[in-house]
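Report on one structure; see the data block that follows.
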Amino acid sequence: MQYNEKLQTIISQVAEIAGYLWERGWAERNGGNISYNITEAVDDPIRRLPALSDRIVLPKTMTHLKENYFLVTGTGRRMRYVCSAPMENASIIRISADGTYYEIVAEKPIQPTSELPSHLTIHDYLLGQGRPNKAVIHTHPIELVAMTHNPDFLGKDVLSRLLWSMIPETRAFCPKGVGIVPYTLPGSLELAENTIRQLDEYDVVLWEKHGALAIGEDLIEPFDMIDTLSKSAKIYESACSMGFHPTGMTEAQMDELKQAFNL
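Its first residue numbered 440, the sequence shown is counted upward by one per residue in the working numbering.
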């Protein structure tokens with residue numbers, strides 16, 4: 440079907456970011472998922488679309504998402520195909536007027552990602568807090584996931600300080616650093632609730648032994664943050680593979696950067 444210009448721009452951005460995730464090796468098979476609150480881009484033709492699926496009951500009432508619309512990547516769908524054919528591998532869903540269920544309305548009855556409960560719980564929280572973030576991205580950045588296998592990195596702000604110290608841009612572009620969620624069953628509400636608590640304090644959340652999640656007003660913003668953190672992780676890994684432990688920037692140097700850029 441034909442979409443309005445604003446919605447087509449969002450679809451194109453989803454395809455663009457999906458391609459980046461695949462190219463970087465962060466989206467093996469059907470790994471990772473994307474959701475985008477498109478309600479502000481929805482026009483009357485989409486609102487009039489009939490449901491393509493049965494009503495799918497949500498695990499909890501989404502109080503703040505009533506009658507909202509989301510573009511969501513599909514379960515079992517590969518990011519490389521989301522890139523080349525986004526609406527063949529994603530769907531538009533409509534949350535019910537009472538926030539208890541959703542229906543697929545376009546473009547095909549493609550079942551959304553199994554992480555949908557986590558995504559919607561996060562969106563519900565963000566909207567309830569009046570935050571402008573509309574996009575949620577979850578992916579599997581190799582070096583960052585590897586670092587969560589080291590218990591020494593899992594203490595509060597340990598990994599943030601290490602990654603900040605590898606290159607100045609990380610401190611500038613991810614000023615809040617990374618939060619850590621201990622391993623939790625993927626797709627569970629518990630995982631979503633644990634993630635929400637970290638998003639109050641950090642830019643990006645790492646799910647131990649699983650992946651990264653970030654939010655933004657569009658998809659470019661959270662992708663860039665994960666990409667920047669991954670560069671720092673790669674620098675750390677490269678130094679270690681050369682046989683030395685990187686010194687990193689000092690606390691004084693990072694404080695100077697913080698003051699210079701008002702971080």
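Glycine included, every Cβ here is placed at the ideal spot set by N, Cα and C. If you're wondering where the values come from, they're calculated on a predicted model, not measured in any experiment.
Is the CB-CB distance between residue i and residue j below 7 angstroms?
i    : j    : result
R533 : E542 : yes
N472 : F509 : no
D642 : K615 : yes
A524 : L658 : no
T686 : T609 : no
P607 : L491 : no
E506 : A480 : no
V544 : L488 : yes
F592 : L598 : yes
G655 : N572 : yes
E522 : A454 : Strictly speaking, residue 522 in this sequence is Cys, with Glu absent from that position. Going by C-beta atoms, C522 is nearer than 7 angstroms to A454.
M664 : C613 : yes
Which term fits residue i, buried or exposed, when burial requires 16 or more other beta carbons within 10 angstroms of its beta carbon?
i    : result
H684 : exposed
S680 : exposed
D563 : buried
T689 : exposed
P580 : buried
Y459 : buried
C452 : For the sequence presented, residue 452 should be read as Gln rather than Cys. Looking at its Cβ environment, which holds 16 or more other Cβ atoms inside 10 Å, Q452 is buried.
L578 : Rather than Leu, the amino acid found at residue 578 in this sequence is Thr. So T578 counts as buried.
On the premise that residue j lies in contact with residue i, defined as a C-beta separation below 8 angstroms, what is that separation, rounded to the nearest angstrom?
i    : j    : result
A529 : T512 : 5 angstroms
E647 : G618 : No, E647 and G618 are not in contact; Cβ-Cβ is about 11 angstroms, not under 8 angstroms.
R519 : W461 : 4 angstroms
T634 : L645 : Actually they do not touch by this definition, with Cβ atoms about 10 angstroms apart.
T502 : G538 : 6 angstroms
S557 : A631 : 4 angstroms
N469 : R517 : 5 angstroms
I456 : F662 : 5 angstroms
Can we count residue i as close to the ligand FAD, meaning its CB is less than 6 angstroms from some heavy atom?
i    : result
A454 : Judged by which ligands are present, the structure shown has none, so any question about the ligand FAD falls away.
Self-check item: Three CB pairs or more closer than 8 angstroms across the segment 669-680 and the segment 587-595
Solution: Flag = no, the segment 669-680 and the segment 587-595 do not touch.
Exercise. May I ask you to verify whether the segment 624-635 touches the segment 592-610, counting CB pairs closer than 8 angstroms and requiring at least 3?
Key: Cβ pair count under 8 angstroms is below three, so no.
Quiz prompt | Sufficient close CB pairs (3 or more, under 8 angstroms) joining the segment 544-558 to the segment 491-505 | solution = With the rule of 3 Cβ pairs closer than 8 angstroms, the segment 544-558 counts as touching the segment 491-505.
Exercise. Mind listing, in chain order, the continuous alpha helix (DSSP H) runs of no fewer than 4 residues lying wholly within the segment 564-590?
Key: Within the segment 564-590, the runs of alpha helix (DSSP H) at least 4 residues long that lie entirely inside it are, in chain order, 581-586.
Self-check item: Secondary structure, alpha helix (DSSP H): runs of 4+ residues fully inside the segment 483-512
Solution: Listed in chain order, the alpha helix (DSSP H) elements of length 4 or more contained wholly in the segment 483-512 are 483-486.
Self-check item: 4 or more residues per run - each alpha helix (DSSP H) lying fully within the segment 651-680
Solution: Scanning the segment 651-680 from its first residue to its last, the whole alpha helix (DSSP H) runs of 4-plus residues come out as 659-680.
Practice problem: With a floor of 4 residues, list each alpha helix (DSSP H) that falls wholly inside the segment 613-650, ordered by position along the chain. | Solution: If only uninterrupted alpha helix (DSSP H) runs of at least 4 residues are considered, those enclosed by the segment 613-650 are 628-638.
Practice problem: Any chance you could list the alpha helix (DSSP H) runs of at least 4 consecutive residues sitting entirely within the segment 506-564, in chain order? | Solution: 518-523, all fully within the segment 506-564.
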